[in-house]
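Residues 144 to 650 in my numbering are what the sequence shown spells out, letter by letter.
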Amino acid sequence: MHLSLASVLQESALRRPDKVAVIEGPTARRRMTYAELWDASLRRAGALRAAGVEPGDRVALLALNTIDFITAYYGILARGAVVVPVAPMLVADEIAFLLQDSGARLALVADDLETVVAGGAEAADVPVLLLGSDAALAAHPESHRQATEPLDAAVLFYTSGTTGRPKGAVLTHLNLVMNAFTNAYTANHIVPDDVMFGCLPLFHTFGQTVALNGTFLVGGTLILQARFDPAQALELMVEHEVTAFLGVPTMYMALLAAVKAGGPVPRLRLCVSGGAPLPVSVLEEFDDTFDARVQEGYGLSETSPTASVNQLEFGIRPGTIGHPIWGVEIEIADPDVEGVIVLRQTGEVGEIVIRGHNVFAGYHGRPDATEAAIIDGWFRSGDLGIKDAEGFITIVDRKKDLILRGGYNVYPREVEEVLVRHPGVDQVAVVGIPHATHGEEVLAVVVPAPEHAGALDPEELLSWVGERVARHKRPRLVEVVDELPLGPSRKVLKRELRERFAALGDA
Numbered sequence: 144m145h146l147s148l149a150s151v152l153q154e155s156a157l158r159r160p161d162k163v164a165v166i167e168g169p170t171a172r173r174r175m176t177y178a179e180l181w182d183a184s185l186r187r188a189g190a191l192r193a194a195g196v197e198p199g200d201r202v203a204l205l206a207l208n209t210i211d212f213i214t215a216y217y218g219i220l221a222r223g224a225v226v227v228p229v230a231p232m233l234v235a236d237e238i239a240f241l242l243q244d245s246g247a248r249l250a251l252v253a254d255d256l257e258t259v260v261a262g263g264a265e266a267a268d269v270p271v272l273l274l275g276s277d278a279a280l281a282a283h284p285e286s287h288r289q290a291t292e293p294l295d296a297a298v299l300f301y302t303s304g305t306t307g308r309p310k311g312a313v314l315t316h317l318n319l320v321m322n323a324f325t326n327a328y329t330a331n332h333i334v335p336d337d338v339m340f341g342c343l344p345l346f347h348t349f350g351q352t353v354a355l356n357g358t359f360l361v362g363g364t365l366i367l368q369a370r371f372d373p374a375q376a377l378e379l380m381v382e383h384e385v386t387a388f389l390g391v392p393t394m395y396m397a398l399l400a401a402v403k404a405g406g407p408v409p410r411l412r413l414c415v416s417g418g419a420p421l422p423v424s425v426l427e428e429f430d431d432t433f434d435a436r437v438q439e440g441y442g443l444s445e446t447s448p449t450a451s452v453n454q455l456e457f458g459i460r461p462g463t464i465g466h467p468i469w470g471v472e473i474e475i476a477d478p479d480v481e482g483v484i485v486l487r488q489t490g491e492v493g494e495i496v497i498r499g500h501n502v503f504a505g506y507h508g509r510p511d512a513t514e515a516a517i518i519d520g521w522f523r524s525g526d527l528g529i530k531d532a533e534g535f536i537t538i539v540d541r542k543k544d545l546i547l548r549g550g551y552n553v554y555p556r557e558v559e560e561v562l563v564r565h566p567g568v569d570q571v572a573v574v575g576i577p578h579a580t581h582g583e584e585v586l587a588v589v590v591p592a593p594e595h596a597g598a599l600d601p602e603e604l605l606s607w608v609g610e611r612v613a614r615h616k617r618p619r620l621v622e623v624v625d626e627l628p629l630g631p632s633r634k635v636l637k638r639e640l641r642e643r644f645a646a647l648g649d650a
């Protein structure tokens, strides 16, 4: 049996050869039809063969959201090799680790990122091939793509490493083809007439599976933005009549701020949020401002990524992550029992566990980590949640972000949902820091709204939130910052905040 993720592009090139598949912003000078994009991908495959890359080899890919990323991505897959996406904001030591750990045979790198990868590639003794060079685009394309099996590795995604060195999650062709299909056809209902805005990093699983593969699967058009810029994003969405936007919460917040600053308002048909919990107040404001309904979803690198999303068939309920996608099961298990999955009753808080076609094949070279993560066919997410009688799932918090204060559980997201409704608060992250008496103390790290910059009173904020949450959940400390630290996928790095402000608990 054969199955290849490269078919996502190949089939649309056969069915819609002359349709514009991708436009690279902001100047929109570069665009490609599906036929041109597939031809360029096969030329990349030919260049990889000439460079000695064999089917099954791992090939690192380092580029921004450009057409070159796309042709390299599908070129690696067409060669039958495994894509290892590398975030361009990593430093040399981190890049060297990814190249060594993955066993990369070669690194395909955008010309303008050569200096970023140079030190890491040299340390890992991995050759670099620049995407703009003649050697990276063969004069004659391969005549066909290599055959691959459904359970062969397609992409090796490295986790963000919030608890140590990143682990490589092995995603198979079956994982990623099925996730693209279920997102496009049964969850989000993407259609060929849709114009998708591609601002999510393509090196990240959300942008790659849902925006890139999902759009190309149905034959839509993808508008690329190399780096997310909210003001420019609004202009591009209006210019190209974008109908679909996928983003993480910080992007939704930034777009709202850009509209308030005078930016245009595009007409969007489909909006999906994932990557981190979206505050309900932000969701509601976005719905009102853009006259669109945001469908919040949930997933992880290890689940290809989508596991659940608010779907029209089940109804949309703000504050939840909806229902599992087609063919996937999500249940709530006892988080304190190891080695076996013990499911909890409806309405009880526990660890979210997932099984289905989306669950990864395991961690590359880490059988111990794989054995701990996949038990009885269920993937242990590390997230805490609740499933109600109607099947809607709500994320309570990350298991590792849970704050234990004086013997009471404090779920940071619950407190964040309250704080973000304060008119002086733009963004907030609640974390636990060590405390001699209570074990942990609740700290709120706040980015003030622009009109309140320099004028947000922490004591007033503490008093305000104290009237709205139970005593044991109230933050006792507030730190006002200019911005929250974000990872490659624009998630808030709470570990950095805990480390930065750890000493406050002893003050």
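Just so you know, even glycine gets a beta-carbon here, dropped at the ideal spot from N, CA and C.
- V608 is a Cβ neighbour of L562, given a cutoff of 8 Å.
- In terms of CA proximity to M321, N356 leads the group R633, S424, N356.
- Annotation: V353 to E378 spans about 22 Å, alpha carbon to alpha carbon.
- As summarised for the stretch 551–575, the continuous beta strand (DSSP E) elements at least 3 residues long and confined to that stretch are 551–553, given in chain order.
- Among the bridge pairs identified by DSSP, P591 is matched with V568.
- Minimum Cα-Cα distance from L146 among the listed residues S416, R288, E642 corresponds to R288.
- Contact annotation: G482 and I529 have beta-carbon atoms that are not nearer than 8 Å.
- Annotation: the continuous alpha helix (DSSP H) that includes Q375 extends over 373–382.
- In the structure shown, T214 adopts helical secondary structure according to DSSP, grouped into three states.
- In the same chain as Q375, and ignoring 5 residues on each side of it, the C-beta atoms closer than 6 Å to its own belong to P169, in chain order.
- A distance of 8 Å or more separates the beta carbons of R187 and A224.
- Counting along the chain, K530 sits inside no alpha helix (DSSP H); it lies in the beta strand (DSSP E) bounded by residues 521–530.
- For A194, the secondary structure class from DSSP, reduced to helix, strand or coil, is coil.
- Counting only runs that start and end inside the stretch 421–496, the beta strand (DSSP E) elements of at least 3 residues fall at 437–442, 449–452, 471–476.
- Less than 8 Å divides the Cβ of V385 from the Cβ of F340.
- Counting along the chain, the unbroken alpha helix (DSSP H) around S150 starts and ends at 150–158.
- Rounded to whole angstroms, the gap between the alpha carbons of K310 and R523 is 15 Å.
- If you compare the alpha carbons of E602, A323, C342, H347 with that of V334, the shortest gap goes to A323.
- Counting C-beta atoms within 10 angstroms of its own C-beta, M144 has fewer than 16 neighbours from the protein chains shown and is therefore classed as exposed.
- Between A592 and D625 the beta-carbon gap is near 13 Å, outside 8 Å, which marks them as no contact.
- Bounds of the alpha helix (DSSP H) holding L399 are 392–403.
- Here P577 is bridged, per DSSP, to E583.
- Counting the other Cβ atoms within 10 Å of the Cβ of Y551 gives fewer than 16, which makes it exposed.
- For V163, no alpha helix (DSSP H) run applies; the uninterrupted beta strand (DSSP E) run containing it begins and ends at 163–167, by DSSP.
- Bridge pairing for R174: I166 [DSSP].
- Under DSSP, the beta-bridge partners assigned to G341 are L367.
- For Y328, the closest C-alpha among the options W469, I219, M394, T580 is that of W469.
- Counting only runs of 3 or more residues that sit fully inside the stretch 257–332, the beta strand (DSSP E) segments are 271–273, 296–301, 311–315, in chain order.
- Under a 10 Å Cβ-count criterion, T258 is classified as exposed, with fewer than 16 other Cβ atoms of the shown protein chains found around its own Cβ.
- CA-CA distance, A239 to M232, rounds to 13 Å.
- P510: member of the alpha helix (DSSP H) spanning 510–516, first to last residue.
- Annotation for L360: V151, A323, A327 place their beta carbon closer than 6 Å to its own, counting only its chain and skipping 5 residues before and after.
- One alpha carbon belongs to F349, the other to G418, and they sit about 7 Å apart.
- Here R614 is exposed, its C-beta having fewer than 16 other C-beta atoms within 10 Å.
- If you compare the alpha carbons of A178, Y441, D477 with that of N453, the shortest gap goes to Y441.
- Distance from the CA atom of G567 to the CA atom of L599, rounded to whole angstroms, is 6 Å.
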